[in-house]
Amino acid sequence: MRLSCPCCGLRDRREFTYYGHETFLHRPAPDAGARSWDDYLHNRDNPAGPTRDLWYHDPCGSWVLVSRDTLSHAVTGSEPVAGVGGTS
Amino acid sequence: MRYSGLRVFTQGLFGNRGWKPHWRKPDLKPEYDAIIIGGGGHGLATAYYLAKNHGLSNIAVLEKGWLGGGNIGRNTTIVRANYFLPGNSEFYSFSLKLWEWLEMELNYNVMHSQRGLINLFHSDGQRDAFARRGNAMLAQGDDAVLLDREGVREKLPWLDFEQARFPIYGGLYHPRGGTARHDAVAWGYARAADRRGVDLIENCEVTGIDIEGGRVRGVQTTRGAIRAPKVGIVVAGRSSQVSAMAGLRLPIESHVLQAFVTEGLKPVIDHVISFGMGHFYISQSDKGGLVFGGDLDFYASYAARGNLPMVEHVMEAGMTLMPMIGRAKVLRSWGGIMDMSPDGSPIIDRTPVEGLYLNCGWNYGGFKAVPASGWCLAHLMATDRPHEVASRFRLDRFRTGHGIMDEEGTGAQHNLH
Numbered sequence: 000m001r002l003s004c005p006c007c008g009l010r011d012r013r014e015f016t017y018y019g020h021e022t023f024l025h026r027p028a029p030d031a032g033a034r035s036w037d038d039y040l041h042n043r044d045n046p047a048g049p050t051r052d053l054w055y056h057d058p059c060g061s062w063v064l065v066s067r068d069t070l071s072h073a074v075t076g077s078e079p080v081a082g083v084g085g086t087s
Numbered sequence: 000m001r002y003s004g005l006r007v008f009t010q011g012l013f014g015n016r017g018w019k020p021h022w023r024k025p026d027l028k029p030e031y032d033a034i035i036i037g038g039g040g041h042g043l044a045t046a047y048y049l050a051k052n053h054g055l056s057n058i059a060v061l062e063k064g065w066l067g068g069g070n071i072g073r074n075t076t077i078v079r080a081n082y083f084l085p086g087n088s089e090f091y092s093f094s095l096k097l098w099e100w101l102e103m104e105l106n107y108n109v110m111h112s113q114r115g116l117i118n119l120f121h122s123d124g125q126r127d128a129f130a131r132r133g134n135a136m137l138a139q140g141d142d143a144v145l146l147d148r149e150g151v152r153e154k155l156p157w158l159d160f161e162q163a164r165f166p167i168y169g170g171l172y173h174p175r176g177g178t179a180r181h182d183a184v185a186w187g188y189a190r191a192a193d194r195r196g197v198d199l200i201e202n203c204e205v206t207g208i209d210i211e212g213g214r215v216r217g218v219q220t221t222r223g224a225i226r227a228p229k230v231g232i233v234v235a236g237r238s239s240q241v242s243a244m245a246g247l248r249l250p251i252e253s254h255v256l257q258a259f260v261t262e263g264l265k266p267v268i269d270h271v272i273s274f275g276m277g278h279f280y281i282s283q284s285d286k287g288g289l290v291f292g293g294d295l296d297f298y299a300s301y302a303a304r305g306n307l308p309m310v311e312h313v314m315e316a317g318m319t320l321m322p323m324i325g326r327a328k329v330l331r332s333w334g335g336i337m338d339m340s341p342d343g344s345p346i347i348d349r350t351p352v353e354g355l356y357l358n359c360g361w362n363y364g365g366f367k368a369v370p371a372s373g374w375c376l377a378h379l380m381a382t383d384r385p386h387e388v389a390s391r392f393r394l395d396r397f398r399t400g401h402g403i404m405d406e407e408g409t410g411a412q413h414n415l416h
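Those protein sequence lines, which keep their order, are chains A and B. Numbering that gives the first Met the number 0 puts the first residue of the first sequence at 0, with every later residue one more than the last. Numbering that gives the first Met the number 0 puts the first residue of the second sequence at 0, with every later residue one more than the last.
Shown next as structure tokens:
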């Protein structure tokens, strides 16, 4: 499996660290309540098929939002996670 | 038909023409007292213990493919009770006790082999941690022996003890640990459940769960609607999809874990060996193949196959630990879909829907849990109370933060296990 880094282009999967589903980008407000935080931290749609998840490109330090298929491992696209803080 | 040595002998005399299929192919009834979704090890065991321990006979196991075609047929067959935390400790201890009588119980040869399991350690700190784990195992009533380097050398003289990165300091020996024939466990439970009247329905995929007024009424399947007041979801890696039919969103992420087997070799590895620092473990099957595996590929996947970087990593770890396996040819590799929970421990619990029960979150350790998992889910479904050894496998522990069972101590977050 190869993933596309917005800075470096198509790179080997070994250069990336998997973080998790894009749910991690939608951090609730600090006072959103325990239910929202539980949902954010633990509960997942866990799709069998197209998904979007977060990968970190170790060599260049980019966070990448990758579109791929969990059934076939086909990678269909990627975009930079720009301006989103607090994910690491 | 009861199986025995005498029957094998007499069948042999008459050309083995008298063997019958292990289980019936029953017609689907419109209504059952209980439905188990998922005809894998856990589901079949649940059906068996519902029938045996709780006197239910009108039970259906619905399987979308064939019985035992999921993780029960894809794992690396290790049976052990070497857990540390309360909650896990008593559960796996109970499970191992069930394993030790399983062949008598099922009248089926599951080839349970208590060949002993050795977890290697490579530093003083790790030795302390394993000594502590061993004490927890002893306190639970199971067995554990802390071996020093010479103790390990006596049993496994061909390991590379002097490797620079991970010199072997010793190992935690769990003599009652071992392996079993994975398919036979599914077949044994299926046959035993069938003999007690359980309907095993293959090629029957659940497409919906009927709920009225917060109560489960039955399921929709590719073979029509079936009514039942109690439904158990026991579908491992597909838990999120099936639970979504009941409007549930689970703390589960499905990952791929790979395994490998070599060509058959003469007996060379007598134990199950785990090399945690290299994410590598190995045993030798009774057929002679070296069965080994490593860690997750570490991304969400339902492909039931992995990628090459982890293949390479596992081979490297194997060669680091025991250079002697370098000449063995790998016959095949495959992947299973692991239902990973945030803390690495399972869930056997009620759901917010009355009559709907959930058994999932087995991570990469579901095989050894099969007997106790079935026993405890059957208990929960029959009595509506959790069994005492599974009472901590709660679905709500992530929301409340109470009773998290994180054996690795890395935190209850998906990407950390």
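Using N, Cα and C, we set each Cβ at its ideal position, and we do this for glycine too.
{"query": "Collapsed DSSP secondary structure at H416 (chain B) in the structure displayed", "result": "coil"}
{"query": "Near-chain A residues of the segment 302 to 318 of chain B (beta-carbon distance less than 7 Å), N- to C-terminal order", "result": "A302, N306 and P308"}
{"query": "C-alpha gap between Q283 (chain B) and I35 (chain B), whole angstroms", "result": "33 Å"}
{"query": "Chain-ordered chain A contacts of R248 (chain B) [CB-CB under 9 Å]", "result": "D38, N42, R43, D44 and N45"}
{"query": "Nearest neighbour of H419 (chain B), chosen from B:M314, B:A192, B:E62 and B:L379 [CA to CA]", "result": "Outside the displayed range of chain B (0 to 416) lies residue 419 (chain B), so it cannot be described from this structure."}
{"query": "Under the three-state DSSP convention, the category G400 (chain B) falls into", "result": "coil"}
{"query": "Contact set between the segment 341 to 365 of chain B and chain A, restricted to residues whose Cβ is under 7 Å from the partner", "result": "P341"}
{"query": "Simplified DSSP assignment, three categories, for P49 (chain A)", "result": "strand"}
{"query": "Three-state class that DSSP yields for E14 (chain A) in the structure shown", "result": "helix"}
{"query": "R114 (chain B) in three-state terms, based on DSSP", "result": "coil"}
{"query": "Test: S92 (chain B) CB closer than 8 Å to a CB of chain A", "result": "no"}
{"query": "Through-space distance from Y18 (chain A) to S87 (chain A), alpha-carbon basis", "result": "Reliability fails at S87 (chain A), whose pLDDT of 43 lies under 50, so the model's placement of it is uncertain and no value is given."}
{"query": "Helix, strand or coil at L71 (chain B) [DSSP, three-state]", "result": "Note on residue identity: the sequence assigns Ile, not Leu, to residue 71 (chain B). If DSSP states are grouped into helix, strand and coil, I71 (chain B) belongs with the helices."}
{"query": "As assigned by DSSP and simplified to three states, the class of A189 (chain B)", "result": "helix"}
{"query": "Minimum Cβ-Cβ distance from Q257 (chain B) to chain A less than 8 Å", "result": "no"}
{"query": "Given L61 (chain B) as reference, the closest of B:V241, B:V151 and B:V7 once Cα atoms are compared", "result": "B:V241"}
{"query": "Validate contact between the segment 176 to 183 of chain B and the segment 67 to 85 of chain B using beta carbons, cut 8 Å, 3 pairs", "result": "yes"}
{"query": "Residue ranges of each alpha helix (DSSP H) within the segment 279 to 324 of chain B, 4 or longer", "result": "307 to 320"}
{"query": "Sequence ranges, alpha helix (DSSP H) only - wholly within the segment 7 to 59 of chain B, length at least 4", "result": "40 to 53"}
{"query": "Among B:L355, B:V369, B:T319 and B:P345, the one whose alpha carbon lies nearest that of W361 (chain B)", "result": "B:P345"}
{"query": "Within 8 Å of chain B by C-beta, residues of the segment 25 to 37 of chain A in sequence order", "result": "A33, R34 and D37"}
{"query": "Coil, strand or helix - Q139 (chain B) by DSSP", "result": "coil"}
{"query": "Residue range of the unbroken alpha helix (DSSP H) whose run includes C375 (chain B)", "result": "V369 to T382"}
{"query": "Entirely enclosed beta strand (DSSP E) segments - the segment 57 to 84 of chain A, minimum 3 residues", "result": "61 to 68 and 74 to 79"}
{"query": "Min CB distance R51 (chain A) to chain B below 8 Å", "result": "no"}
{"query": "Validate contact between the segment 31 to 40 of chain A and the segment 223 to 232 of chain B using beta carbons, cut 8 Å, 3 pairs", "result": "no"}
{"query": "Residue-level contact to chain B via CB, Y55 (chain A), 8 Å cutoff", "result": "no"}
{"query": "Sequence-distant residues of its chain with Cβ nearer than 8 Å to G84 (chain A) (five each side left out)", "result": "Residue placement at G84 (chain A) is flagged as unreliable, the pLDDT there being 49, under the threshold of 50; the coordinate-derived value follows with that caveat. So no residue of the chain qualifies."}
{"query": "Proximity of G14 (chain B) and Q113 (chain B) at Cβ, strictly below 8 Å", "result": "no"}
{"query": "For M103 (chain B), the three-state DSSP class (helix, strand or coil)", "result": "helix"}
{"query": "At least 3 beta-carbon pairs within less than 8 Å: the segment 207 to 227 of chain B vs the segment 125 to 140 of chain B", "result": "no"}
{"query": "Counted within 10 angstroms of its Cβ, other Cβ atoms place R1 (chain B) as buried (16 or more) or exposed", "result": "exposed"}
{"query": "Supposed close pair F126 (chain A), L53 (chain A) - CB separation, criterion 8 Å", "result": "Because chain A spans 0 through 87 in this model, residue 126 (chain A) falls outside it and cannot be assessed."}
{"query": "Contact list for R398 (chain B) against chain A, beta-carbon separation under 8 Å", "result": "A33, R34, D37 and H41"}
{"query": "Proximity of A327 (chain B) and F279 (chain B) at Cβ, strictly below 8 Å", "result": "no"}
{"query": "Proximity below 8 Å, CB of A377 (chain B) to CB of L49 (chain B)", "result": "yes"}
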